Amino acid sequence: MPRFTTGTRLVVASHNKGKLVEIDDLVRPYGLDTVSAAALGISEPVETETTFVGNARLKALHSARASGLAALSDDSGLEVHALGGEPGVYTADWAGPKRDFGMAMQRVADLLAAKGAWGPPAPTANFVSCLCLAWPDGTTQEFIGKVYGHLVWPARGGRGFGYDPMFVPDGGAETYGEMEPSEKHATSHRAKAFEQFVTACLIPAARICD
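Residue numbers for the sequence shown follow our numbering, so the first one is 3 and each next one is one higher.
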C-alpha cells in the first residue's frame, strides 16, 4: 500500500465544516497537509449505499479519483437503540436539505416520546464513524469507531455539530455540545476510528503511513 510522509497532501472528502475541523485536528500532529474536497471544487457524490462503510468508501474514492491524491472520508451517524438503530445511515437526511439539526434532534425527541422511551432510565444511543482511506487506483482501507452513551432533552450546549447537544457519552456528565473540543476529540467515535488508522498506518516516530 502507498506510503505517506510528512507534508503529503491528503484530501478530506467532505463538505461538512464540523467534520473538516475535527479531521484536520486529528491529522495535523502527523504532519500531513490536508485540503478539503470543497476547496478543490470536487462535488459531493450521492450517497447511495445503505451502510456506513459503503458510503465512506464511495465518498473517499470519488475524491481520490477526482483529485489524483489519497483521500480520507468519514461516514458517521447516530444510532438510537429504542428506535431500532435509526436514524443510522440516514442521520444527515433527517436534518433535511438545509441540514437543520435542530429539527432532526426534535424528530428524535418526538419519536422517543411517542414510544414512552424517555424513561428513566434515559434512552441509550451510540455514535458510529467509518473512516475510509482511498487512493486513485481504487485501493481502500476502512476503520470503524463507536462511542456509547445516552440522550438528553432539551438539547444542551452550542459546541460540536449535528446531534452533539443531545448526546452524553458513557462516564460523562456533559453533552458533546457542552464539551471543550479537545475533550470531545479524546473520546469521540471519530477519534476511535482515527486511533485505528494511526495504529494501522502511521509510525509516530517517523510520521510515515504504510
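Ideal placement from N, C-alpha and C gives every residue a C-beta, glycine not left out. Treat the numbers as computed from the prediction; the structure is a model and nothing was measured.
Practice problem: Give the C-beta separation of Glu144 and Ala58 to the nearest angstrom, bearing in mind that I take them to be a contact with Cβ-Cβ under 8 Å. | Solution: Glu144 to Ala58, Cβ: 6 Å. Contact.
Practice problem: Quick one: give me the first and last residue of the alpha helix (DSSP H) that Leu42 is part of. | Solution: For Leu42, there is no enclosing alpha helix (DSSP H), as DSSP gives it neither H nor E.
Self-check item: Collapsed DSSP secondary structure at Arg158 in the structure displayed
Solution: Arg158 falls in the coil class under three-state DSSP.
Quiz item: With DSSP run on the structure shown, which of helix, strand or coil describes Gly151?
Solution: Reduced to three states, the DSSP call for Gly151 is strand.
Quiz item: What did DSSP end up calling Val56 once you bin it into helix, strand or coil?
Solution: Before going on, a small fix: residue 56 reads as Gly here, not Val. In this structure, Gly56 counts as helix in the three-state DSSP scheme.
Quiz prompt | Pairwise C-alpha distance: Gly179 and Thr126 | solution = Their backbone Cα atoms lie some 17 Å apart in a straight line.
Practice problem: Take the Cβ of Ala62 as the centre, count every other Cβ of all protein chains shown within 10 Å, and call the residue buried at 16 or more, exposed below. | Solution: When all chains shown are included, Ala62 counts as buried.
Exercise. Look up Arg209 in the DSSP assignment and say whether it is helix, strand or coil.
Key: Residue confidence for Arg209 is low, a pLDDT of 43 falling below 50, so the modelled location carries little weight; the figure read from the coordinates is stated next. Note: Arg209 maps to coil in three-state DSSP.
Quiz item: At what residue ranges does the segment 51-123 contain a whole run of the alpha helix (DSSP H), taking only runs of 4 or more?
Solution: Given a length threshold of 4 residues, each whole run of the alpha helix (DSSP H) inside the segment 51-123 is given here in chain order: 54-69, 103-116.
Quiz item: Would you say the beta carbon of Phe169 comes nearer than 8 Å to a heavy atom of the ligand ADP?
Solution: This structure lacks the ligand ADP, and indeed carries no ligand of any kind.
Practice problem: Under the assumption that Gly70 contacts Pro138 (Cβ atoms under 8 Å), give the Cβ distance between them as a whole number of angstroms. | Solution: Their Cβ separation, rounded to whole angstroms, is 5 Å, which keeps Gly70 and Pro138 in contact under 8 Å.
Quiz item: When we look at the beta-carbon of Ala207 and count the other beta-carbons within 10 Å, is it buried (16 or more) or exposed?
Solution: Low confidence applies to Ala207: its pLDDT is 37, below 50, so where it sits in the model is not reliable enough to give any reading.
Self-check item: Residue from Asp77, Asp35, Trp155 whose Cα sits closest to the Cα of Thr52
Solution: Comparing Cα-Cα distances from Thr52 to each of Asp77, Asp35, Trp155, the minimum goes to Asp77.
Quiz item: Using a Cβ-Cβ cut-off of 8 Å (strictly less than) and excluding sequence neighbours within five positions of Ile44, which residues of its own chain qualify?
Solution: Within the same chain, Ile44 has close Cβ partners Val13, Ala15, His64, Ser65, Ala68, Ser69.
Quiz prompt | Residue closest to Ala116, alpha-carbon to alpha-carbon, out of Arg192, Ala84, Lys100, Asn128 | solution = It is Ala84.
Quiz item: Among Ala72, Val55, Gly33, Ala193, which has the Cα closest to the Cα of Gly140?
Solution: Ranked by how close their Cα comes to the Cα of Gly140, the residues Ala72, Val55, Gly33, Ala193 have Ala72 in first place.
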